[in-house]
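Mapping of the sequence shown onto my numbering: position 419 corresponds to residue 433, and the numbering continues sequentially without gaps. Following: one structure in structure tokens, then a few remarks.
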Amino acid sequence: MTSQTAIDATGPGGGKVPAAPSDSTPATGLRGHPWLTLLTVAVGVMMVALDGTIVAIANPAIAKNLHATFSDVQWITNAYFLALAVTLITAGKLGDRFGHRQTFLIGVTGFAAASGAIGLSHSIAAVVTFRVFQGLFGALLMPAALGLLRATFPAEKLNMAIGIWGMVIGASTAGGPILGGVLVEHVNWQSVFFINVPVGALALLLGLLILLDHRAANAPRSFDIPGIVLLSGAMFCLVWALIKAPTWGWGDGRTWLFIAASVVLFAGFAFWETRVAEPLIPLGLFRSVPLSAGVVLMVLMAIAFMGGLFFVTFYLQNVHGMSPIDAGLHLLPLTGMMIVASPLAGIAITKLGPRIPLAGGMAATAVAMYGMSTLEVDTGSGVMSVWFGLLGLGLAPVMVGATEVIVGNAPLALSGVAGGLQQAGMQIGGSLGTAVLGAVMASKVDSDLAGNWADAGLPKLTPAQLDQASQAVQQGAAPVAKGTPAPIAAKIAEVAHDTFISGMSLASLVAAGVAAVAILVALLTKRGVNAEAGAGVGHI
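Here it is in structure tokens:
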């Protein structure tokens, strides 16, 4: 398939519909059954989504057991997301070339094996190393799951399938802190990783019995190695800058050096893709305004969601003093609403198209984030539940609809790349949300803390002490030294929590603004031509 062919296949206004998939194995009995295929891929993606949040609860226990520094613990999370974000699109291309069944099975097996290896590790270096492998195998698994759904389900049922798929991801992501709290508190930190082994074995068994290898007749036959190197380098530099910005500072030259390098590499990648016969990402894909809008929408949604949720966990545990389990339970309105609303969103998108549900979802998200900016130190569980539930209601149609817009507007031969774009958008958006909203929080805390401290009549701090106190307050913690008299400790806690609330409020307002911008982007989306034609494969 040449570059021109890729553009023709995906161009607007009547390009050729890709050939129907050629199945390497005939559909017989359970093999290839659409709903059983959905069950199988759901079990697999559940591991990857769960690992995004469940490990955060285990980090303090890991640090204590393995004598790790705070920086070491950060890399338990950063190594995973970095490997995942950098390789998602390339992994999707591997699925397009060799078949999504094969890449899914390899991803499931490798992810479960890496999880088991982490549980057996006795050093922080080993944990971080195997977290990288988790990210690499997770990158194989996620786009392959979407590629399998795209190839297996008829167009009129694809939205419902993606709705359930999104429900599993949302529930797993939000439920991670609950399950992680239970396992760490009643078993050990290793159990957080060991739990993936039986889940992975189940997904592998189901995959061997049920999944059918769908391959488009015009699937790519060669690899764009320079494109892979350029794109991977660009993604690495971008995500690395976002990870290190809170440590280095946004004004540090190293932060902007990596951002500049990512821009140069992205530009070089775009130039190269117009010159190669079989590009990694045919740039003709982005001639589709709906597909491009879907990718941007996924990034904006993740900024608002991941960035906002990052502070909520600190708010619940450090300001309200909840245990990890209690904090997870307080997020049940968010989880429960996503579980209920995701399949309903699939039905609505099938009947109405994605534009109205997506715009409505981002509007609800914007209102929810605004509501979260009004939370106070003494806000009750009922009020919190309203805003958390509204956030889940808003996210559900976006998770479903944006995914369908991206994958449904891509030809079958590039469904893996489309799945990689969708997941990469989420990872970059999540990293951006945490970094940018974290910078907003840090700036607000730094500007308010000294004044609030002085107004409370507390002893004056040296610049070094103030900086150390600011680091604690950014996480909602009160910087109370051992032996501090109770009345003074109470004042310090009050100042710390009030200052944290002011920072979280501003960050939530910024997230609400991002969600409001996303409403306009949602208006540019529409279902794929293949869905409107009622065909299982299609063009843009």
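The beta carbon of each residue, even a glycine, is placed where N, CA and C say it ideally should be. These figures come from a predicted structure and were not determined experimentally.
My output table needs one value for residue i: the three-state DSSP class, helix, strand or coil.
i       : result
Glu-508 : helix
Phe-237 : coil
Asn-202 : coil
Ala-556 : In the structure as shown, the chain begins at 15 and stops at 554. Residue 556 is therefore absent and cannot be evaluated.
Asp-227 : coil
Ala-521 : helix
Lys-540 : coil
Ser-337 : coil
Ala-468 : helix
Thr-8   : Absent from the structure is residue 8, since the part of the chain shown begins at 15 and ends at 554.
Arg-115 : helix
Arg-369 : helix
Leu-44  : coil
Ser-38  : Note that Ser-38 scores a pLDDT of 43, beneath 50, so its modelled location is shaky and nothing firm can be said.
Under a Cβ-count criterion, where at least 16 other Cβ atoms within 10 Å of its own Cβ denotes burial, should residue i be classed as buried or exposed?
i       : result
Lys-540 : buried
Ala-204 : Strictly speaking, residue 204 in this sequence is Gln, with Ala absent from that position. It is buried - the Cβ of Gln-204 has at least 16 other Cβ atoms within 10 Å.
Lys-78  : exposed
Gln-488 : buried
Gly-465 : exposed
Asp-110 : buried
Glu-390 : exposed
Glu-170 : exposed
Asp-266 : exposed
Asp-200 : Inspection of the sequence shows that residue 200 is occupied by His rather than by Asp. Exposed.
Leu-451 : buried
Ser-337 : exposed
Asp-469 : exposed
Leu-285 : In the sequence as presented, Leu is not what sits at residue 285; that position holds Phe. Classification of Phe-285: exposed, given that the 10 Å Cβ count is below 16.
Pro-357 : buried
Pro-212 : exposed
Arg-289 : exposed
Gln-479 : exposed
Leu-244 : buried
Thr-104 : buried
Leu-345 : buried
Gln-331 : buried
His-136 : exposed
Nearer than 7 Å: is that true of the beta carbon of residue i relative to any heavy atom of the ligand GTP?
i       : result
Phe-272 : In the structure shown, the ligand GTP is absent, as is every other ligand, since no ligand is present at all.
Are residue i and residue j touching if we call contact CB-CB under 8 Å?
i       : j       : result
Ile-257 : Ala-373 : no
Val-122 : Leu-155 : yes
Thr-364 : Asn-173 : yes
Ala-159 : Met-383 : no
Val-206 : Gly-194 : yes
Gly-241 : Pro-296 : no
Ile-224 : Thr-54  : yes
Leu-98  : Ala-153 : yes
Ser-246 : Thr-393 : no
Phe-80  : Ile-138 : One detail in the question is off: residue 80 reads as Leu in this sequence, not Phe. Yes, the pair counts as a contact, with Cβ atoms nearer than the cut-off.
Val-278 : Ala-72  : no
Leu-439 : Val-309 : It should be noted that the sequence gives Gly, not Leu, for residue 439. A contact, by the Cβ cut-off of 8 Å.
Leu-523 : Gly-443 : no
Ala-126 : Gly-263 : no
Val-412 : Leu-311 : yes
Gly-517 : Gly-106 : no
Ile-178 : Ala-56  : yes
Ile-420 : Gln-436 : yes
Val-87  : Ile-76  : yes
Ser-387 : Ser-519 : yes
Gly-149 : Phe-95  : yes
Ala-318 : Ala-529 : yes
Ala-558 : Ala-424 : Outside the displayed range of the chain (15 to 554) lies residue 558, so it cannot be described from this structure.
Ile-515 : Ala-492 : no
Determine the extent of the alpha helix (DSSP H) in which residue i is found, giving its start and end residues.
i       : result
Pro-357 : 346-366
Glu-292 : First-last for Glu-292: undefined, no H or E at that position.
Gln-489 : No alpha helix (DSSP H) contains Gln-489, which DSSP labels as neither H nor E.
Val-211 : 210-224
Thr-67  : 48-80
Which residue spans inside the stretch 380-452 form an unbroken beta strand (DSSP E) run of at least 3? none
Which residue spans inside the stretch 128-193 form an unbroken alpha helix (DSSP H) run of at least 4? 138-166
Taking the runs of the alpha helix (DSSP H) that are 4 residues or longer, which of them lie wholly in the stretch 254-316? 267-287
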